[in-house]
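Each remark here refers to the structure printed beneath this line.
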Amino acid sequence: MRVLTVRQPWAWAIIHGGKTVENRTRNLAGSYRGPVAIHAGLAYDEDAVIWTGPVPTPLAIDEDGSHREPRGHIIGVVDLVDVHAALDCMTQEHDGDWKVCSEWSERSGYHLVLANPRALDEPLPWKGGLGLRRLPLSVHGDALIGPVDGCTCGAGRISYQHEPMCGFELVAHLRATA
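My numbering numbers the first residue of the sequence shown as 548 and each following residue consecutively.
Listed below in structure tokens is the structure:
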């Protein structure tokens, strides 16, 4: 599984606000497709806007302030289903304006196309970083699981007698948000 650090309120928008595209200057995913943990970075983008036409408008966010917190935590998991260059999805409208594949898309760089957002019941403290990094956790059904040292099912040392998921423990529950 991979993890991607995203500033708030964008991390919140990916998990709770219907944001289906993460914009990056380069294709940091390569050929990887699959689950990605969304890590809310420590920084907050005070100038967050979305393009809904020729003039930017403020991001539609919860009035209770939940889009600001938490920071420095993994807040959910999405599926990375596609990556493409912005130029590959641009079309020219009849009025001459250029349109991209999503209202969340920028007109340059690369679009990481995200689907199936699942929020963690409890945010998980994690250290952020640049790029799409490997995460020593996995998704199994509606759970985020992590490896532990040794057997957790009581079968002992003979590996063929272990129960499914032996050697892993529950880290957090996931719940669908869409």
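Note that the Cβ used here is the ideal one computed from N, Cα and C, for glycine as well.
Keep in mind it's a predicted model, so treat the numbers as computed, not measured.
Nearest to residue 588 (by Cα), restricted to the options 580, 617 and 578: Among 580, 617 and 578, the Cα nearest to that of residue 588 belongs to 617.
Check each candidate in 628, 575, 710 and 663 and name the one with the smallest Cα separation from residue 561. Nearest Cα to residue 561 within the set 628, 575, 710 and 663: 663.
If you check the beta carbons only, do residue 548 and residue 590 fall under 8 Å apart? The answer is no: Cβ separation not under 8 Å.
Straight-line gap, residue 554 to residue 699 (C-alpha atoms, nearest Å): Rounded to the nearest angstrom, the two C-alpha atoms are 36 Å apart.
Which residue marks the beginning of the alpha helix (DSSP H) containing residue 633, and which one marks its end? Following the DSSP letters along the chain, one finds residue 633 inside the alpha helix (DSSP H) bounded by residues 633-636.
Limits of the alpha helix (DSSP H) - the one that residue 641 falls within: No alpha helix (DSSP H) contains residue 641, which DSSP labels as neither H nor E.
Identified DSSP bridge partners for residue 724: DSSP output for residue 724 lists no bridge partner at all.
Excluding five sequence neighbours on each side, which residues of the same chain lie with their C-beta closer than 7 Å to the C-beta of residue 594? Cβ within range, chain order: n/a, list empty.
Rounded to a whole number of angstroms, what is the C-alpha to C-alpha distance between residue 559 and residue 573? If you take the alpha carbons of residue 559 and residue 573, they lie about 22 Å apart.
Can you name the start and end residues of the alpha helix (DSSP H) that residue 558 belongs to? It spans 557-563 - the alpha helix (DSSP H) in which residue 558 sits, taken as one unbroken run.
Just to confirm before moving on: does the CB-CB distance between residue 778 and residue 716 stay below 8 Å? Here the chain comprises residues numbered 548 to 725, so residue 778 is not present and cannot be evaluated.
What is the DSSP secondary structure of residue 579, counted as helix, strand or coil? Residue 579 falls in the coil class under three-state DSSP.
Are residue 692 and residue 718 touching if we call contact CB-CB under 8 Å? Using a Cβ distance threshold of 8 Å, residue 692 and residue 718 count as a contacting pair.
Checking 8 Å against the spacing of the C-beta atoms, do residue 713 and residue 702 come in under that value? Taking 8 Å as the Cβ cut-off, residue 713 and residue 702 qualify as a contacting pair.
Residue range of the unbroken beta strand (DSSP E) whose run includes residue 683: In the DSSP assignment, residue 683 falls outside any beta strand (DSSP E) and carries neither an H nor an E.
Looking only at its own chain, which residues have a Cβ that is under 6 Å from the Cβ of residue 607, when we skip the five neighbours before and after it? Since pLDDT at residue 607 reaches only 49, below the 50 mark, its modelled position is unreliable, and the value read off the structure follows with that caveat. If we look at residue 607 and ignore the five residues flanking it on each side, it has no Cβ neighbours.
Alpha carbon to alpha carbon, what distance is there between residue 631 and residue 720? Residue 720 and residue 631 have their alpha carbons spaced roughly 31 Å apart.
So the candidates are 643, 634, 642 and 668; which of them puts its Cα closest to the Cα of residue 652? For residue 652, the nearest C-alpha among the options comes from 634.
Using only alpha-carbon positions, find the residue among 569, 675 and 673 that is nearest to residue 628. Nearest option by C-alpha distance: 569.
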